[in-house]
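Engineer: Questions regarding the structure given below will be posed in turn.
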Amino acid sequence: MQQDIAVIGIGLSRWGELWEQSLRDIFVESALHAIKDSGVDHIDSMYVGSMSPGLFNNQEHLAALLADYLGVGSIPSTRVESACASGGLAMKMACLDIMSGTSEIVLAGGVEKMTDVDTDGATLALASAADYAYEVYQGVTFPGLYAMIARMHMDKYGTTEQQLAEVAVKNHLHGSMNSMAQFPQKINVDAVLNSVVIADPLHILDCSPITDGAAAVILCSAEKARQLKLHPQIRISGLGHATDTMALHSREDITALSAVEKAGITALKMSGKKIDDIDLFEVHDCFTIAEICILEALGLFPKGKGGNAAASGKTRFDGPMPVNTSGGLKAKGHPVGATGIAQIVEIVTQLREQAGERQVKNARVGLTQNMGGSGGSCLVHILEAV
Amino acid sequence: MQQDIAVIGIGLSRWGELWEQSLRDIFVESALHAIKDSGVDHIDSMYVGSMSPGLFNNQEHLAALLADYLGVGSIPSTRVESACASGGLAMKMACLDIMSGTSEIVLAGGVEKMTDVDTDGATLALASAADYAYEVYQGVTFPGLYAMIARMHMDKYGTTEQQLAEVAVKNHLHGSMNSMAQFPQKINVDAVLNSVVIADPLHILDCSPITDGAAAVILCSAEKARQLKLHPQIRISGLGHATDTMALHSREDITALSAVEKAGITALKMSGKKIDDIDLFEVHDCFTIAEICILEALGLFPKGKGGNAAASGKTRFDGPMPVNTSGGLKAKGHPVGATGIAQIVEIVTQLREQAGERQVKNARVGLTQNMGGSGGSCLVHILEAV
Amino acid sequence: MAIPEYWREIKHRYKLEAGKCKSCGYIVFPMRLICPKCQNQDFDSINLSREGTLITYSVIRVASSRFVNQAPFAVGIVELKEGVRILSQITDCNINELKSGMKMQVEFRRIFDDGSSGVINYGYKCVPM
Amino acid sequence: MAIPEYWREIKHRYKLEAGKCKSCGYIVFPMRLICPKCQNQDFDSINLSREGTLITYSVIRVASSRFVNQAPFAVGIVELKEGVRILSQITDCNINELKSGMKMQVEFRRIFDDGSSGVINYGYKCVPM
Ligand SMILES: [Zn+2]
Ligand SMILES: [Zn+2]
Chain H
3 MQQDIAVIGI
13 GLSRWGELWE
23 QSLRDIFVES
33 ALHAIKDSGV
43 DHIDSMYVGS
53 MSPGLFNNQE
63 HLAALLADYL
73 GVGSIPSTRV
83 ESACASGGLA
93 MKMACLDIMS
103 GTSEIVLAGG
113 VEKMTDVDTD
123 GATLALASAA
133 DYAYEVYQGV
143 TFPGLYAMIA
153 RMHMDKYGTT
163 EQQLAEVAVK
173 NHLHGSMNSM
183 AQFPQKINVD
193 AVLNSVVIAD
203 PLHILDCSPI
213 TDGAAAVILC
223 SAEKARQLKL
233 HPQIRISGLG
243 HATDTMALHS
253 REDITALSAV
263 EKAGITALKM
273 SGKKIDDIDL
283 FEVHDCFTIA
293 EICILEALGL
303 FPKGKGGNAA
313 ASGKTRFDGP
323 MPVNTSGGLK
333 AKGHPVGATG
343 IAQIVEIVTQ
353 LREQAGERQV
363 KNARVGLTQN
373 MGGSGGSCLV
383 HILEAV
Chain E
3 MQQDIAVIGI
13 GLSRWGELWE
23 QSLRDIFVES
33 ALHAIKDSGV
43 DHIDSMYVGS
53 MSPGLFNNQE
63 HLAALLADYL
73 GVGSIPSTRV
83 ESACASGGLA
93 MKMACLDIMS
103 GTSEIVLAGG
113 VEKMTDVDTD
123 GATLALASAA
133 DYAYEVYQGV
143 TFPGLYAMIA
153 RMHMDKYGTT
163 EQQLAEVAVK
173 NHLHGSMNSM
183 AQFPQKINVD
193 AVLNSVVIAD
203 PLHILDCSPI
213 TDGAAAVILC
223 SAEKARQLKL
233 HPQIRISGLG
243 HATDTMALHS
253 REDITALSAV
263 EKAGITALKM
273 SGKKIDDIDL
283 FEVHDCFTIA
293 EICILEALGL
303 FPKGKGGNAA
313 ASGKTRFDGP
323 MPVNTSGGLK
333 AKGHPVGATG
343 IAQIVEIVTQ
353 LREQAGERQV
363 KNARVGLTQN
373 MGGSGGSCLV
383 HILEAV
Chain S
229 MAIPEYWREI
239 KHRYKLEAGK
249 CKSCGYIVFP
259 MRLICPKCQN
269 QDFDSINLSR
279 EGTLITYSVI
289 RVASSRFVNQ
299 APFAVGIVEL
309 KEGVRILSQI
319 TDCNINELKS
329 GMKMQVEFRR
339 IFDDGSSGVI
349 NYGYKCVPM
Chain C
229 MAIPEYWREI
239 KHRYKLEAGK
249 CKSCGYIVFP
259 MRLICPKCQN
269 QDFDSINLSR
279 EGTLITYSVI
289 RVASSRFVNQ
299 APFAVGIVEL
309 KEGVRILSQI
319 TDCNINELKS
329 GMKMQVEFRR
339 IFDDGSSGVI
349 NYGYKCVPM
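Chains as they are written, first to last, in the numbering used here: chain H, 3 to 388; chain E, 3 to 388; chain S, 229 to 357; chain C, 229 to 357.
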């Protein structure tokens with residue numbers, strides 16, 4: 003990148019079904035943790051990723067509301083949205099703010115409060131990430147879209163339901179070592195295959211859950227970070243952002259996530275790294291099939307060969323290319339707007355060597371990949387321990 | 003500003019009740035006009051301001067959808083939201099993108115498709131710009147919040163209903179000279195005072211209408227602009243962004259728009275100008291009282307003295323400090339997310355001396371002021387003819 | 229109106245539970261996690277008094293569907309004794325005789341019925357004293 | 229489902245009206261203002277053929293409230309003769325016997341009833357040939 007940016011503070015709210023806490027409460031909880039962790043006495047501006055506080059909570063204008071309740075009064079505050087990639091987008095915009103010279107210390111956060119509506123309300127709100135007129139109108143759900151990707155991957159490359167299940171098993175193993183995870187239970191392949199089918203071939207244990215939660219990080223220029231030095235230095239060395247067709251059916255290859263591929267290439271090029279230089283990955287496993295397609299799109303596996311990634315143990319925390327050591331969206335939970343920031347939190351935790359049981363050995367470079375809808379948008383960030 | 007940015011293209015869709023056109027259609031219409039006007043053969047990234055496509059259209063993930071339908075496939079595309087200031091926020095983020103060195107040519111657009119729901123649906127969607135739990139829950143509407151500001155301004159400073167009406171009369175006079183205005187009819191003070199009361203003391207002709215519409219501008223570095231030189235050079239010399247308490251009742255002075263004051267000071271300072279150096283203004287007259295309080299907050303009139311601004315003729319297009327020569331939100335229409343960008347379009351039109359009948363003489367420096375909710379957020383931009 | 233949301237706001241809406249900053253004494257309503265005046269994060273929980281003064285007001289004549297059967301009705305901003313302001317309906321009054329400066333009593337009332345779920349939503353309204 | 233929105237989509241949903249780029253021949257469905265392949269802005273209006281091939285599919289077992297009375301039902305991506313793909317329900321079939329590559333016929337059908345407004349929403353569904 004033209005200018006080094008450092009992550010100097012990280013924070014999470016509790017994640018789960020937080021009926022006692024409001025959207026504003028959980029966001030502020032995560033932001034106060036991040037500010038405290040960073041040691042800064044003020045922030046110059048803030049960015050909030052949130053997918054649909056309108057449909058989930060009848061509340062837009064989140065930027066003003068959350069700055070108010072964070073007690074930072076009059077500072078510039080911006081909400082960004084790119085469906086489930088809203089958190090990653092907040093991260094990018096916070097970086098641009100610093101790179102532009104406009105702000106010195108910036109908070110990037112994400113939040114979604116999903117349990118203030120019932121399951122049907124949540125289904126409808128999440129469907130707004132797809133093309134309402136040409137996908138949702140026809141009756142398809144989000145699991146249905148990813149199920150069609152899975153079906154095609156199985157037809158074309160011989161990927162099996164067992165291989166999908168192995169992704170969930172691996173991510174729940176990781177989640178069992180993360181005290182912040184919403185579902186820290188270990189599961190096995192049979193449990194996945196025997197769980198209720200949501201949209202063939204995807205079972206409920208192939209899907210990420212509905213979660214209330216928030217995450218926040220504090221960013222500043224690397225120079226400013228050196229003055230603070232509360233923590234080991236973590237710098238952002240690359241970022242990528244790309245889009246694809248909104249509708250899944252408009253893509254030439256239904257199983258190819260071209261926005262992921264492009265965002266990955268941009269971020270790697272900016273950081274001067276190759277994919278093999280990355281020590282660990284947090285990727286957007288909203289469904290088990292998503293993790294498989296993402297690893298292929300990032301170039302970790304050849305096209306069609308991602309199915310065996312989890313089953314082979316390669317993507318386990320103690321394997322050669324650890325993926326979703328946090329438990330991923332699957333086990334850690336998926337409050338959609340918060341997910342992209344929580345991925346950064348996990349990578350920073352690992353690069354600081356504070357990940358406890360699930361610590362990846364010699365973790366120096368990490369990559370986050372956050373995706374909107376059925377792959378219509380993607381944000382990739384690369385972080386390095388200095 | 004650290005780096006000069008130029009506005010090289012402007013475009014509007016039709017504005018009004020556009021039942022035959024979808025959200026994606028009107029956005030693309032405005033964007034294609036702007037791209038054509040600029041003469042560029044590509045854009046590097048795009049920003050879209052939209053308040054609530056979720057509540058108005060069951061459609062989030064607008065950034066991906068609109069990039070797709072604009073035929074620009076894979077480029078980075080970002081939706082930003084700050085209620086009715088979403089357009090102004092898109093403008094700011096597009097500037098930061100260029101200032102950061104990430105993109106060279108950027109589209110900043112805004113869109114709202116408000117007539118796909120009925121009036122009650124629109125009322126509820128617009129209410130999401132206020133504090134849902136502590137304002138909307140109590141039964142207050144958006145006109146009700148501004149009515150309470152008006153009542154206090156009248157009690158405290160002696161402002162009259164006639165003076166409020168004069169703002170509407172002036173903006174409709176301007177709108178009558180703008181072929182793009184939704185309500186180009188001239189009106190008089192009696193018409194306003196005899197129109198139905200929505201929330202005392204505000205009549206329906208004190209309120210901006212419900213509008214479908216989109217606006218777009220093309221930005222690039224001033225250096226790049228000099229190579230293209232299709233139009234007279236217009237540079238952005240200042241931008242300001244500030245927030246205030248979300249809830250109107252939490253403010254010490256109910257009639258003081260402190261986010262407007264702060265954003266104005268920041269933008270003026272950045273541009274090296276004083277308020278008296280500004281030749282014309284586009285401000286956020288969502289209600290007549292708003293224009294009065296905004297002119298006071300910007301320092302054009304002393305606190306409490308803004309009531310007579312329109313009645314005195316000072317803010318007419320041929321007066322000493324022209325305000326809302328486009329017709330303002332009142333007559334031109336107010337598709338909320340598009341408004342902040344449409345303000346830029348009007349200032350550029352004036353600075354290019356292409357405003358026809360409503361042309362301000364010797365217009366060299368213009369200011370836009372775009373506001374969210376009851377004043378919880380505000381964006382100010384200053385533009386100059388070079 | 230979601231049930232969890234309704235339930236967690238009861239302390240604010242029924243009891244006017246507020247927070248008094250242990251450091252600077254500023255009172256926040258509803259309760260917050262951080263004081264906007266001094267950034268302290270410790271609060272004493274207090275219940276606000278139920279007397280105040282009308283600061284400004286309006287009469288809502290075009291209401292949303294949820295409140296349409298109550299229109300026209302008055303709303304106002306009321307400053308309670310502790311200096312905290314709330315927005316609420318002004319009820320049991322002649323809507324043509326409201327004036328800024330009037331003394332107000334905060335009462336516990338029905339706010340609206342939620343047609344889709346059948347839930348009745350309660351909270352505070354103000355009545356001229 | 230808003231009436232204006234329903235009305236303006238009729239040409240797409242009833243007649244499969246599409247646009248054929250006058251410059252490169254690429255077909256867009258629904259109609260667009262600019263060709264994503266060549267940036268040309270002129271299109272001929274055409275009606276798509278009603279025959280195609282199933283590319284991929286799923287069976288929706290947990291549906292949204294609007295479709296819950298139809299579940300389980302199949303959905304799929306169908307490539308029409310012109311190379312254009314649409315997403316639609318696959319109906320009048322045994323949902324356990326679907327296979328990628330099956331030939332499909334596009335038919336005009338009821339999609340869902342809108343409980344709140346009483347409007348019946350029509351459009352296209354696919355049936356194995
Ligand atoms: Zn305090
Ligand atoms: Zn073409």
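Ideal placement from N, C-alpha and C gives every residue a C-beta, glycine not left out.
Could you tell me which of H/His155, H/Gly330, H/Leu166 sits nearest to H/Gln184, measuring between CA atoms?
Structural biologist: The residue given as residue 184 of chain H occupies position 182 in the first sequence. Here the closest residue by C-alpha is H/Gly330.
Engineer: Helix, strand or coil, according to DSSP, for C/Phe295 in the structure here?
Structural biologist: Counted from its first residue, the fourth sequence places residue 295 of chain C at position 67. Three-state DSSP puts C/Phe295 in a helix.
Engineer: By Cβ distance below 6 Å, which residues in the same chain neighbour H/Thr80 in space, the five residues on each side in sequence not counted?
Structural biologist: Taking the first sequence and counting its residues from 1, the one referred to as residue 80 of chain H is at position 78. For H/Thr80, where only same-chain residues beyond five positions count, the Cβ hits under 6 Å are Tyr49, Ala65.
Engineer: Hey, is C/Lys248 close to ligand 2, as in C-beta under 6 Å from one of its heavy atoms?
Structural biologist: Stepping through the fourth sequence from its first residue, residue 248 of chain C is reached at position 20. No, the Cβ of C/Lys248 stays beyond 6 Å of every heavy atom of ligand 2.
Engineer: Are E/Ser130 and H/Asn60 touching if we call contact CB-CB under 7 Å?
Structural biologist: Start at 1 with the first residue of the second sequence, and residue 130 of chain E comes out as number 128. Start at 1 with the first residue of the first sequence, and residue 60 of chain H comes out as number 58. It is a contact, given that the beta carbons lie within the stated cut-off.
Engineer: With H, G and I counted as helix, E and B as strand and the rest as coil, what does DSSP make of E/Val191?
Structural biologist: If you number the second sequence from 1, residue 191 of chain E lands on position 189. Of the three classes helix, strand and coil, the one that applies to E/Val191 here is helix, per DSSP.
Engineer: With 16 as the cutoff for other CB atoms within 10 Å, does H/Asp133 come out buried or exposed?
Structural biologist: Here residue 133 of chain H corresponds to residue number 131 of the first sequence, with the count starting at 1. Label assigned to H/Asp133: buried.
Engineer: Taking the alpha carbon of E/Cys86 as the reference point, which residue from E/Val362, E/Met323, E/Ala344, E/Ala387 has its own alpha carbon closest?
Structural biologist: Start at 1 with the first residue of the second sequence, and residue 86 of chain E comes out as number 84. Selected option, being the one with the closest Cα: E/Ala344.
Engineer: In three-state terms, what does DSSP make of H/His286?
Structural biologist: For this step, residue 286 of chain H is matched to residue 284 along the first sequence. In the structure shown, H/His286 sits in coil (DSSP, three-state: anything other than H, G, I, E or B).
Engineer: Could you tell me whether the Cβ of C/Thr281 comes closer than 7 Å to any Cβ of chain H?
Structural biologist: As a first step, residue 281 of chain C must be located in the fourth sequence, where it is residue number 53. Taking 7 Å as the CB threshold, C/Thr281 stays off the interface with chain H.
Engineer: With a threshold of 7 Å between beta carbons, is E/His251 in contact with chain S?
Structural biologist: Translated into positions along the second sequence, residue 251 of chain E becomes position 249. Taking Cβ atoms only, chain S reaches closer than 7 Å to E/His251, which makes this a yes.
Engineer: By how many angstroms is the C-alpha of E/Asp27 removed from the C-alpha of H/Asn190?
Structural biologist: Along the first sequence, read from residue 1 onward, the residue named residue 190 of chain H stands at position 188. Along the second sequence, read from residue 1 onward, the residue named residue 27 of chain E stands at position 25. Those two C-alpha atoms are separated by around 48 Å.
Engineer: Between the segment 8–30 of chain H and chain S, which residues of the former have CB atoms less than 8 Å from a CB of the latter, in chain order?
Structural biologist: Listed by position along the chain: Trp21, Glu22, Gln23, Ser24, Asp27, Val30.
Engineer: Would you say H/Gly240 faces chain C, with C-beta separation under 7 Å as the test?
Structural biologist: The residue labelled residue 240 of chain H in the question sits at position 238 within the first sequence. Judged by the 7 Å Cβ criterion, H/Gly240 is not in contact with chain C.
Engineer: Report the residues of the segment 76–100 of chain H with a CB closer than 7 Å to any CB of chain E, ordered along the chain.
Structural biologist: Ser76, Ile77, Pro78, Ser79, Thr80, Arg81, Val82, Glu83, Ser84, Ala85, Leu91, Met95, Leu98, Asp99
Engineer: Tell me whether H/Ser252 counts as near ligand 3, meaning its Cβ is closer than 6 Å to at least one heavy atom of that ligand.
Structural biologist: Absence of ligand 3 is noted for the structure shown, with ligand 1 and ligand 2 being the only ligands found.
Engineer: Heavy atom of ligand 2 less than 6 Å from the Cβ of C/Tyr254, yes or no?
Structural biologist: The count along the fourth sequence starts at 1 and reaches residue 254 of chain C at position 26. For ligand 2, at least one heavy atom lies less than 6 Å from the Cβ of C/Tyr254.
Engineer: Short of 6 Å in beta carbon distance, which residues of its chain neighbour C/Lys265, apart from the five on each side in sequence? Order them along the chain.
Structural biologist: Here residue 265 of chain C is taken as the residue at index 37 of the fourth sequence, counted from 1. These residues qualify, in order along the chain: Cys252, Tyr254.
Engineer: Whose Cβ in chain C lies nearer than 8 Å to the Cβ of H/Asp202?
Structural biologist: As a working note, residue 202 of chain H is residue 200 in the first sequence. Going along chain C in sequence order, the residues near H/Asp202 (Cβ under 8 Å) are Ser286, Val287, Arg289.
Engineer: Just verifying my parser: in three-state terms, what is the DSSP assignment at H/Gln140?
Structural biologist: What you label residue 140 of chain H is simply residue 138 of the first sequence in a count that begins at 1. Looking at H/Gln140 - three-state DSSP - the assignment turns out to be helix.
Engineer: Near E/Tyr136, what residues of its chain come up, given a Cβ to Cβ distance below 7 Å and the 5 sequence neighbours on each side ignored?
Structural biologist: Here residue 136 of chain E is taken as the residue at index 134 of the second sequence, counted from 1. Its chain contains Ala249 as the residues whose beta carbon lies nearer than 7 Å to that of E/Tyr136, once the 5 sequence neighbours on both sides are disregarded; these appear in chain order.
Engineer: Compute the Euclidean distance between the alpha carbons of E/Asn196 and E/His205, then round it to the nearest angstrom.
Structural biologist: Sequence index remark: in the second sequence, residue 196 of chain E carries index 194 (1-based). Sequence index remark: in the second sequence, residue 205 of chain E carries index 203 (1-based). Those two C-alpha atoms are separated by around 8 Å.
Engineer: Taking Cβ to Cβ, would you say H/Ala340 is nearer than 7 Å to H/Leu353?
Structural biologist: If you number the first sequence from 1, residue 340 of chain H lands on position 338. If you number the first sequence from 1, residue 353 of chain H lands on position 351. H/Leu353 is positioned such that its CB atom lies no closer than 7 Å to that of H/Ala340.
Engineer: Taking CB distances under 7 Å as the criterion, tell me whether C/Glu277 reaches chain H.
Structural biologist: On the fourth sequence, position 49 is the one that residue 277 of chain C refers to. One point to set straight first is that residue 277 of chain C is Ser, not Glu, in the sequence displayed. Closer than 7 Å: no.
Engineer: Within this structure, are the beta carbons of H/Leu72 and H/Val113 separated by less than 7 Å?
Structural biologist: As a first step, residue 72 of chain H must be located in the first sequence, where it is residue number 70. As a first step, residue 113 of chain H must be located in the first sequence, where it is residue number 111. No, the pair does not count as a contact, with Cβ atoms beyond the cut-off.
Engineer: Nearest chain E C-beta to S/His318 closer than 7 Å, yes or no?
Structural biologist: If you number the third sequence from 1, residue 318 of chain S lands on position 90. According to the sequence as given, residue 318 of chain S is Ile; it is not His. With 7 Å as the cut-off, S/Ile318 does not count as an interface residue toward chain E.
Engineer: State the Cα-Cα distance for the pair E/Lys363 and E/Leu385, rounded to the nearest angstrom.
Structural biologist: If you number the second sequence from 1, residue 363 of chain E lands on position 361. If you number the second sequence from 1, residue 385 of chain E lands on position 383. Looking at the two C-alpha atoms, the distance is approximately 16 Å.
Engineer: I'd like to know if the segment 323–341 of chain S and the segment 141–154 of chain E are in contact, where contact means that at least 3 CB-CB pairs between them fall below 8 Å.
Structural biologist: yes
Engineer: Looking at the structure shown, is C/Arg338 part of a helix, part of a strand, or coil, going by DSSP?
Structural biologist: As a working mapping, residue 338 of chain C is identified with position 110 in the fourth sequence. In the structure shown, C/Arg338 sits in a strand (DSSP, three-state: E or B).
Engineer: Quick one: what's got a C-beta closer than 6 Å to H/Glu62's C-beta in the same chain, skipping five residues either side?
Structural biologist: Your numbering for residue 62 of chain H matches position 60 in the first sequence. So the list reads Gly56, once near-sequence residues are dropped.
Engineer: Which chain C residues are close to H/Glu137, counting only those with a beta carbon under 8 Å from its beta carbon?
Structural biologist: In the first sequence, the residue the question calls residue 137 of chain H occupies position 135. In chain order: Leu315.
Engineer: Helix, strand or coil, according to DSSP, for C/Asn349 in the structure here?
Structural biologist: Position 121 of the fourth sequence, counted from the start, is the residue given in the question as residue 349 of chain C. Here C/Asn349 sits in strand by DSSP.
Engineer: Taking 7 Å as the threshold (beta carbon to beta carbon), is H/Gly306 in contact with chain S?
Structural biologist: For this step, residue 306 of chain H is matched to residue 304 along the first sequence. Against chain S, the CB of H/Gly306 has no partner CB under 7 Å away; the residue lies outside that interface.
Engineer: Looking only at its own chain, which residues have a Cβ that is under 6 Å from the Cβ of H/Glu263, when we skip the five neighbours before and after it?
Structural biologist: Start at 1 with the first residue of the first sequence, and residue 263 of chain H comes out as number 261. If we look at H/Glu263 and ignore the five residues flanking it on each side, its Cβ neighbours are Ala299.
Engineer: Opposite E/Thr327 in the DSSP bridges: which residues?
Structural biologist: Taking the second sequence and counting its residues from 1, one reaches residue 327 of chain E at position 325. Paired residue(s): none; E/Thr327 is not in a bridge.
Engineer: Should C/Ser251 be counted as a contact of ligand 2 given a C-beta to heavy atom distance under 6 Å?
Structural biologist: Here residue 251 of chain C refers to the residue found at position 23 when the fourth sequence is read from its first residue. Yes, ligand 2 has a heavy atom inside 6 Å of this Cβ.
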